[in-house]
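Residue numbers (the UniProt record's numbering), protein chains in the order written: chain A, 1 to 150; chain B, 1 to 150; chain C, 1 to 150; chain D, 1 to 150; chain E, 1 to 150; chain F, 1 to 150; chain G, 1 to 150; chain H, 1 to 150; chain I, 1 to 150; chain J, 1 to 150. Where is the CB? At the ideal position from N, CA and C, for every residue including glycine. Below: one structure, written as structure tokens.
10 protein chains.
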Amino acid sequence: MTKLEMTELVLAAKFARQASWADISAAAGMSDVFVVSACLGQNALPAEAAAKVAAFLGLGNRTKDVEIALQLPPKKAQEAETVSKDPLIYRFFEITYVYGDTIKELIHEEFGDGIMSAIDFDLKIEREENPKGDRVKITMCGKFLPYNQW
Amino acid sequence: MTKLEMTELVLAAKFARQASWADISAAAGMSDVFVVSACLGQNALPAEAAAKVAAFLGLGNRTKDVEIALQLPPKKAQEAETVSKDPLIYRFFEITYVYGDTIKELIHEEFGDGIMSAIDFDLKIEREENPKGDRVKITMCGKFLPYNQW
Amino acid sequence: MTKLEMTELVLAAKFARQASWADISAAAGMSDVFVVSACLGQNALPAEAAAKVAAFLGLGNRTKDVEIALQLPPKKAQEAETVSKDPLIYRFFEITYVYGDTIKELIHEEFGDGIMSAIDFDLKIEREENPKGDRVKITMCGKFLPYNQW
Amino acid sequence: MTKLEMTELVLAAKFARQASWADISAAAGMSDVFVVSACLGQNALPAEAAAKVAAFLGLGNRTKDVEIALQLPPKKAQEAETVSKDPLIYRFFEITYVYGDTIKELIHEEFGDGIMSAIDFDLKIEREENPKGDRVKITMCGKFLPYNQW
Amino acid sequence: MTKLEMTELVLAAKFARQASWADISAAAGMSDVFVVSACLGQNALPAEAAAKVAAFLGLGNRTKDVEIALQLPPKKAQEAETVSKDPLIYRFFEITYVYGDTIKELIHEEFGDGIMSAIDFDLKIEREENPKGDRVKITMCGKFLPYNQW
Amino acid sequence: MTKLEMTELVLAAKFARQASWADISAAAGMSDVFVVSACLGQNALPAEAAAKVAAFLGLGNRTKDVEIALQLPPKKAQEAETVSKDPLIYRFFEITYVYGDTIKELIHEEFGDGIMSAIDFDLKIEREENPKGDRVKITMCGKFLPYNQW
Amino acid sequence: MTKLEMTELVLAAKFARQASWADISAAAGMSDVFVVSACLGQNALPAEAAAKVAAFLGLGNRTKDVEIALQLPPKKAQEAETVSKDPLIYRFFEITYVYGDTIKELIHEEFGDGIMSAIDFDLKIEREENPKGDRVKITMCGKFLPYNQW
Amino acid sequence: MTKLEMTELVLAAKFARQASWADISAAAGMSDVFVVSACLGQNALPAEAAAKVAAFLGLGNRTKDVEIALQLPPKKAQEAETVSKDPLIYRFFEITYVYGDTIKELIHEEFGDGIMSAIDFDLKIEREENPKGDRVKITMCGKFLPYNQW
Amino acid sequence: MTKLEMTELVLAAKFARQASWADISAAAGMSDVFVVSACLGQNALPAEAAAKVAAFLGLGNRTKDVEIALQLPPKKAQEAETVSKDPLIYRFFEITYVYGDTIKELIHEEFGDGIMSAIDFDLKIEREENPKGDRVKITMCGKFLPYNQW
Amino acid sequence: MTKLEMTELVLAAKFARQASWADISAAAGMSDVFVVSACLGQNALPAEAAAKVAAFLGLGNRTKDVEIALQLPPKKAQEAETVSKDPLIYRFFEITYVYGDTIKELIHEEFGDGIMSAIDFDLKIEREENPKGDRVKITMCGKFLPYNQW
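In structure tokens:
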């Protein structure tokens with residue numbers, strides 16, 4: 001079973017059961033961002049969470065295959081566009097275009113030469129209530145990796 | 001005075017005075033991310049902050065020109081690469097490639113059809129201490145904009 | 001049901017019934033531009049309009065699925081070319097190439113640093129009668145969003 | 001004198017005189033969009049308007065050259081990016097990505113096979129006051145050109 | 001019936017009947033270039049010519065559908081490559097690369113600022129006999145459209 | 001002297017003398033398209049025509065160098081964009097996108113497998129008077145080259 | 001029968017009969033390069049050679065269709081990548097990158113302004129024995145086409 | 001001295017002395033293709049040939065620098081376009097597009113899995129006289145490199 | 001049987017038998033990197049190893065076909081992206097971006113003008129134990145190929 | 001002083017002193033790869049090594065500036081091409097194209113989901129003597145970073 005087939009089965013079962021990502025993440029016992037990314041084929045779930053997700057979705061005789069597929073290391077971002085045209089996703093390109101050099105200046109000033117890891121990394125999405133209109137709050141947190149010198 | 005000349009003068013003065021971005025932001029009385037982005041020609045400072053930054057940097061007879069240039073609406077991201085090859089900046093493209101669809105699913109589940117604004121938006125960079133190696137914490141916060149229906 | 005399947009069903013039913021977009025929009029009780037964009041999978045209809053469109057088209061046992069699909073937040077512009085080669089659509093790229101900087105200068109002169117929203121936005125297409133040949137009149141109207149300063 | 005040099009001289013004189021585009025357009029006696037586009041090297045002014053703009057800007061011994069340069073047919077869009085990264089300009093690409101097929105459907109339904117001319121064309125930018133935040137209103141109007149059949 | 005299906009049916013019938021494009025154009029009573037472009041899904045035939053082409057090709061129970069499809073405004077150039085690698089087609093890109101600026105200079109010298117329309121336009125292909133080897137003669141003729149000034 | 005310098009000198013002299021391309025071509029005794037393309041660095045003039053053009057333009061002590069430069073085989077299309085954004089030039093890309101396959105079908109039907117040469121080739125631009133608005137008529141004529149079989 | 005189907009049938013029959021390209025070319029009575037290029041859908045065989053190839057391959061009831069398909073003028077290079085990543089094919093891009101300007105200088109020095117035809121052209125591949133390791137010898141031979149002057 | 005400056009000096013001296021590439025290659029005592037490629041900064045001359053070329057060109061006080069520069073390993077193809085628009089050079093891309101897979105099939109049939117080296121490689125350009133028009137003959141010869149198996 | 005079908009069969013059998021690449025390579029009696037690359041369709045196995053791999057995987061009546069397919073020279077890198085977005089693979093692009101010029105300087109200093117062969121080449125992947133976290137060690141070893149001089 | 005100016009000064013001094021990279025690395029007391037990459041503006045030297053390099057090169061009154069510039073975190077890979085056309089550098093792209101998926105399979109089999117770091121990373125270049133021709137041996141070693149799960 002490919003990751004693509006896995007994702008299609010998960011989305012179909014989610015739709016059929018009218019389950020939310022919040023429900024599925026709760027079943028997995030892990031964060032929503034990580035569980036969704038795994039269901040979309042971008043991350044690998046640990047065995048226990050994979051079993052819980054597959055069981056929760058009620059996939060019949062495909063349950064075991066989905067459970068295994070959820071645990072495999074994926075080839076990531078295979079379907080991602082170089083620059084997405086979807087307005088929601090494009091805004092993250094725009095933020096990088098406008099603030100990329102600023103972020104670079106400030107990380108180097110604070111930490112020296114190195115980067116924020118995108119591997120030893122987590123991401124959180126929250127609603128921030130605001131009388132002028134609620135806001136989306138996204139927190140990215142990655143280990144600082146200093147450049148090796150040898 | 002173009003934004004490019006302005007940025008060169010600011011960087012040269014910053015170097016000559018051994019000033020940090022923290023110093024310059026403190027002089028401006030605004031957040032470091034916003035002040036740095038303005039100094040790099042990606043945002044427009046309000047008049048008061050522009051005057052403070054220009055004065056702080058000690059730019060001699062160019063002070064007034066820089067003060068004005070800092071307030072003009074910039075043509076943003078003129079120098080940005082479509083996909084940056086700098087490892088620190090590239091990681092933000094990678095995060096969008098790997099987590100873009102996940103973020104989209106979760107914002108729509110929580111808010112419905114719409115986007116996180118990148119204009120009514122702020123961004124914060126912090127050090128998160130961690131015994132296994134300190135972490136970079138980046139918080140993005142933008143107003144949720146629902147799609148108009150008419 | 002994916003948005004793509006939904007669009008195919010809508011177009012087939014429209015063809016079979018010889019319905020115009022004007023008919024479908026009238027059935028929906030919303031503007032033609034918005035209804036067409038939703039039928040093409042680029043916007044999400046409110047529940048009531050979705051029900052009316054699906055009912056109007058007479059889709060048999062697919063009616064309910066199309067009704068639901070019309071309400072889901074779409075991944076927009078998935079099929080759009082970076083630069084379309086269709087002459088009608090290309091002209092909008094050309095207008096942006098020729099008049100983009102002009103529009104930018106004039107919006108900034110009038111409103112300061114910020115943008116016209118493409119989300120809190122509407123668009124109208126009209127025939128303007130003219131003895132030398134009728135004209136197409138397109139009106140775009142979006143909320144001015146000033147850049148946040150923090 | 002190239003169009004590029006012409007534009008630089010115009011912008012420098014505009015800045016030195018603290019003139020607005022509204023002032024310059026008034027001096028020219030033509031619409032602001034057309035005059036700005038000509039000053040940015042994207043259109044050719046008629047002789048009379050060119051003379052008025054050059055005179056108004058007070059360009060000393062370059063006045064005549066600018067007056068001539070403003071009248072020449074330009075090589076248009078030479079500096080335009082295939083897809084601009086500036087957020088204000090990008091939104092027009094986004095509108096085309098999201099609404100391009102919708103516009104095509106509706107123009108064909110109303111007019112048959114053909115296009116909206118981008119040559120026999122005008123464009124207007126207005127402020128639309130709104131208690132929830134003023135809006136930018138852009139009106140494009142171009143002759144409908146039916147495809148020739150032979 | 002999509003334009004793609006229509007084209008496939010036309011080509012299959014043309015092959016089965018061993019008809020030439022000259023035959024089909026004669027049946028349509030219009031020029032070969034226009035009729036071929038319509039059969040390839042790049043233009044829309046008037047009703048009468050569409051009926052004649054469909055009848056001539058002998059398409060059985062698909063005749064009516066093809067007749068209708070031939071009349072619809074197409075999404076043009078969907079399959080065209082940005083730069084074709086086919087040698088015959090590439091030569092037209094090469095001619096534009098080598099002679100594009102020359103054509104621009106001479107049209108502007110003769111007509112002023114404006115373009116040759118590619119919509120109010122016709123194209124003719126002829127054999128020119130020549131003892132050193134026959135030549136292909138292509139004549140393009142489009143209305144001159146002067147840039148609007150407003 | 002590079003071709004670029006040559007072109008700049010020619011254009012400056014043309015401007016200073018208020019000479020038209022028609023004047024320069026007449027002086028050269030060759031067609032306007034060929035002479036302009038040579039002046040723009042896209043073709044090589046025969047010695048006699050090169051001498052006449054250089055003499056006609058009155059280039060002082062650069063006359064000889066321009067005369068030589070006009071005769072050198074150029075690296076063609078160095079400055080040409082892959083797809084030009086200038087509306088006049090773009091239309092030729094559009095014509096190729098819309099009519100390329102049609103032209104291919106008809107040349108093969110008439111001549112067999114082969115191409116129209118863009119080397120053993122000439123091009124003519126004419127005004128065609130028309131009460132509904134004059135038309136630009138472009139005639140391309142190139143030797144048919146059959147594919148070698150060996 | 002499309003050229004693609006033709007190529008698939010030829011390759012399958014070649015595999016089934018364990019025939020080499022040398023065998024097929026010998027049956028055709030033409031050079032291996034030309035015959036292979038025709039079998040891959042890049043050239044058109046003369047009728048006699050097409051009949052011999054189709055007969056030799058033993059294609060059963062598809063023989064006639066393949067025989068016809070082999071004679072049609074192909075749309076060439078439809079499947080070719082702009083720059084191939086296959087190491088064997090890439091080396092020809094590399095040779096053009098490294099030696100392209102050199103070849104241009106030497107052809108112009110020897111022949112004047114013009115090109116080597118890729119249409120009136122043949123190509124040969126040979127093994128050159130060499131004690132330090134055999135070498136591949138490729139000979140390209142095309143008619144010199146001088147640029148037309150008019 | 002960069003390779004670029006070296007090439008400019010060589011071309012200027014070649015022009016001033018009216019020397020041909022044949023003259024310069026004869027002075028170097030090596031093949032014209034290799035010497036020209038080295039003069040254009042694409043290969044490194046052995047010391048003796050570099051000294052002869054520099055001396056032959058009569059470069060005054062830059063002689064020694066050019067002699068050294070001619071011997072340095074170049075960064076090759078820095079100025080080469082991904083796909084050249086110059087007609088002479090483009091034909092080599094076209095040949096690769098049309099015949100690339102054919103060459104691959106025949107080299108593998110003759111030699112097995114591997115490539116023709118573009119490093120242990122030479123290239124020759126000759127005039128082939130022909131009553132129907134002389135031909136350009138290009139011979140490429142590179143060591144066959146079999147893929148390592150380990 | 002295409003290389004793609006071969007790879008699918010191998011991966012399915014590997015999955016069904018829960019075999020590791022280490023198992024398959026051991027069966028082949030060759031290095032893991034080479035055997036995996038052949039199973040993924042990027043290299044050709046010698047006959048003996050191909051037979052062992054096919055037999056080991058237990059492919060039933062497809063065994064012989066897979067055995068043959070494993071030995072054919074592949075069209076390499078057909079599926080590879082120009083720049084992969086998968087984080088593991090991207091890092092090798094990043095290493096080339098950051099260290100490419102450095103590697104070039106040092107190979108030329110040590111060996112003169114030439115390259116490291118990617119054909120007469122082998123690659124090894126090892127785990128390097130390390131108390132601060134194990135490391136991936138990749139060794140590439142290719143014959144130095146000096147540029148031919150002729 | 002920008003990194004670019006720094007690199008130019010270092011290369012000029014290296015040339016003037018006829019110093020090798022081995023000499024400069026020895027002076028720095030660090031590995032040649034790291035020191036060269038820092039001199040080329042791709043890494044930041046520690047203070048002590050920067051002082052030694054600057055002193056060794058004998059840069060006169062620019063010594064201090066170069067010493068500082070060598071320590072700054074660079075914007076990496078600014079000048080790198082997306083895919084280099086230089087044959088030596090291109091081979092690393094080719095290796096990634098041909099072996100990228102193989103490396104991915106084997107790292108995941110050995111380590112699970114994660115990547116080889118290109119930051120906590122070192123690289124070594126060695127000559128491997130071989131009677132059939134010496135070989136270039138490149139060793140890359142980076143920390144394995146497992147994907148975070150949260």
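Query                                                                                                                                                                             : Result
Reducing DSSP to helix, strand and coil, say where E:Met1 ends up.                                                                                                                : coil
Buried or exposed for B:Asn130, going by 16 or more other Cβ atoms inside 10 Å?                                                                                                   : exposed
Any idea what DSSP makes of G:Gly142, helix, strand or coil?                                                                                                                      : strand
So what does DSSP say about B:Leu123, is it helix, strand or coil?                                                                                                                : strand
Rounded to the nearest angstrom, what separates residue 200 of chain E and E:Glu5 at their Cα positions?                                                                          : No answer is possible for residue 200 of chain E: it lies beyond the span of chain E, which begins at 1 and ends at 150.
My assumption, with CB atoms under 8 Å, is that I:Ile119 sits in contact with H:Gly114. Please give the rounded CB distance.                                                      : 6 Å
Please compile the residues from chain E whose C-beta is within a distance smaller than 9 Å of the C-beta of C:Gly85.                                                             : At residue 85 of chain C the sequence reads Lys, which differs from the Gly that was named. Neighbours of C:Lys85 on chain E, chain order: Lys76, Ala77, Gln78, Ala80 and Thr82.
Can you look up A:Ala118 in the DSSP assignment and give me helix, strand or coil?                                                                                                : strand
Quick check on D:Lys14: does DSSP put it in helix, strand or coil?                                                                                                                : helix
For H:Val36, which residues of its own chain have a beta-carbon under 6 Å away from its beta-carbon, when the five flanking residues on both sides are left out?                  : Trp21
Output needed in chain order: residues of the region 109-121 of chain A with a Cβ under 8 Å from some Cβ in chain I.                                                              : Ala118 and Ile119
Taking DSSP as the reference, what is the three-state secondary structure of B:Val66?                                                                                             : helix
Please determine, among E:Asp101, E:Asp134 and E:Phe144, the residue with the shortest C-alpha to C-alpha distance to E:Ala112.                                                   : One point to set straight first is that residue 112 of chain E is Gly, not Ala, in the sequence displayed. Among E:Asp101, E:Asp134 and E:Phe144, the Cα nearest to that of E:Gly112 belongs to E:Phe144.
Three or more C-beta pairs closer than 8 Å, one from the region 78-92 of chain E and one from the region 24-31 of chain E: is that the case here?                                 : no
Hey, could you find the ends of the alpha helix (DSSP H) B:Thr82 is sitting in?                                                                                                   : Here B:Thr82 belongs to no alpha helix (DSSP H), and DSSP marks it neither H nor E.
Grab me the residues of G:Lys52's own chain with a C-beta within less than 8 Å of its C-beta, minus the 5 sequence neighbours each way, in chain order.                           : Ala27, Ala28 and Gly29
Relative to the alpha-carbon of F:Leu40, which residue among E:Leu45, E:Gly142, E:Ile103 and E:Ile138 has its alpha-carbon at the smallest distance?                              : E:Ile103
Chain B beta carbons: is any one of them nearer than 8 Å to that of C:Tyr147?                                                                                                     : yes
In whole angstroms, what is the alpha-carbon distance linking D:Tyr99 and A:Asp86?                                                                                                : 12 Å
Contact criterion: CB-CB distance below 8 Å. Does A:Leu40 meet it with respect to chain B?                                                                                        : yes
So which residues on chain I does J:Phe144 lean against when the C-beta distance must stay under 7 Å?                                                                             : Gly133, Asp134, Arg135 and Val136
Would you report the Cα separation of H:Glu79 and G:Gln78, rounded to the nearest angstrom?                                                                                       : 27 Å
Can you tell me which of the three DSSP states H:Glu129 falls into?                                                                                                               : coil
For the putative contact between A:Leu11 and A:Ala44, defined by C-beta atoms under 8 Å, what is the C-beta separation to the nearest angstrom?                                   : The Cβ separation is near 18 Å, so there is no contact.
My guess is that residue 151 of chain I and J:Lys137 are in contact by the Cβ rule of under 8 Å, so how many angstroms apart are they, rounded?                                   : The displayed coordinates of chain I run from 1 to 150. Any statement about residue 151 of chain I would go beyond what the structure contains.
Helix, strand or coil, according to DSSP, for F:Lys104 in the structure here?                                                                                                     : helix
Suppose contacts are defined by Cβ-Cβ distances below 8 Å. Is B:Asp101 in contact with A:Leu106 by that definition?                                                               : no
On the DSSP letters alone, give me the boundaries of the alpha helix (DSSP H) that A:Glu52 sits inside.                                                                           : Note on residue identity: the sequence assigns Lys, not Glu, to residue 52 of chain A. It spans Ala47 to Leu57 - the alpha helix (DSSP H) in which A:Lys52 sits, taken as one unbroken run.
Got a sec? Which residues, its chain only, sit under 7 Å from B:Lys76 by beta carbon, not counting five neighbours each side?                                                     : Gln42
Under 8 Å Cβ-Cβ, which residues of chain D neighbour C:Met6?                                                                                                                      : By Cβ distance, chain D contributes nothing, its closest Cβ being about 14 Å from C:Met6, past 8 Å.
Label F:Phe34 either buried or exposed according to how many other C-beta atoms from any shown protein chain fall within 10 Å of its C-beta, with 16 as the threshold for buried. : buried
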